[in-house]
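Residue numbering for the sequence shown follows my numbering, beginning at 643 and increasing consecutively. Where is the CB? At the ideal position from N, CA and C, for every residue including glycine. Source: prediction; values computed, not measured. Some notes on the structure that comes next.
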Amino acid sequence: MKKNRKKIITWVLLSVLVILATGGVVGYKMYTKPHRSVAKAKTIQISATDLVLAYEKNEAGANSLYLDKVLEVRGEVNEVSKNQKGETVITLKGSDMSGLICTLEGTAATEVKPNSSVVIKGICTGFLTDVVLVRCVL
């Protein structure tokens with residue numbers, strides 16, 4: 643009776659150990675996985691005004707089309723600024739109420755001026771009061 647109990651405990655402990663080790667390896671692989679290259683990714687092309695209007699009209703529908711996708715957005719620059727991390731943030735004109743906030747990848751300086759026309763590639767993360775693109779490149 644004691645031998646069976648020891649075998650059961652041994653198998654349970656080994657099973658738990660294998661599950662924990664597998665979970666650790668999978669977690670480590672996911673954590674260290676490199677980001678996809680925005681510059682080389684296939685994109686959905688759209689204008690800044692069309693993207694903002696799509697989100698204002700139907701946020702859920704726009705999310706199904708654009709959320710977590712790489713977009714190539716063309717539009718007119720409203721403002722160029724820096725965030726707390728020192729990254730360049732370009733705001734594109736959208737509608738009267740909303741715009742498009744594009745955070746450039748890294749701390750690269752940019753020569754973009756307000757009222758100029760640009761094409762920006764970035765990953766859409768959704769809509770707050772503005773549509774947000776992250777990891778953007780010009």
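Continuous beta strand (DSSP E) stretch holding residue i: start and end
i      : result
Val658 : Counting along the chain, Val658 falls outside any beta strand (DSSP E), though it belongs to the alpha helix (DSSP H) covering 644 to 673.
Ser679 : Ser679 -> no beta strand (DSSP E), and no H or E assigned at all.
Check whether residue i and residue j have beta carbons under 8 angstroms apart
i      : j      : result
Val731 : Thr752 : no
Leu713 : Leu775 : yes
Ser737 : Thr771 : no
Val760 : Gly717 : yes
Lys735 : Asn720 : yes
Gly768 : Leu709 : yes
Ile688 : Val715 : yes
Tyr697 : Val773 : yes
Spatial distance of residue i from residue j (CA atoms)
i      : j      : result
Ala690 : Val754 : 16 angstroms
Glu701 : Val654 : 48 angstroms
Asn705 : Glu729 : 25 angstroms
Lys763 : Leu780 : 6 angstroms
Val668 : Ile743 : 34 angstroms
Pro756 : Cys766 : 22 angstroms
Lys645 : Ala663 : 27 angstroms
Leu707 : Val658 : 41 angstroms
Segment limits, alpha helix (DSSP H) that includes residue i
i      : result
Ala696 : 690 to 699
Inter-residue CB distance, residue i and residue j (contact presumed, cutoff 8 angstroms)
i      : j      : result
Glu747 : Val660 : The pair is not a contact, with the Cβ atoms about 39 angstroms apart (cut-off 8 angstroms).
task: Could you pull out every unbroken beta strand (DSSP E) segment of at least 3 residues lying fully inside the segment 701 to 778, listed in chain order?
output: You should have 712 to 724, 730 to 735, 741 to 746, 759 to 769.
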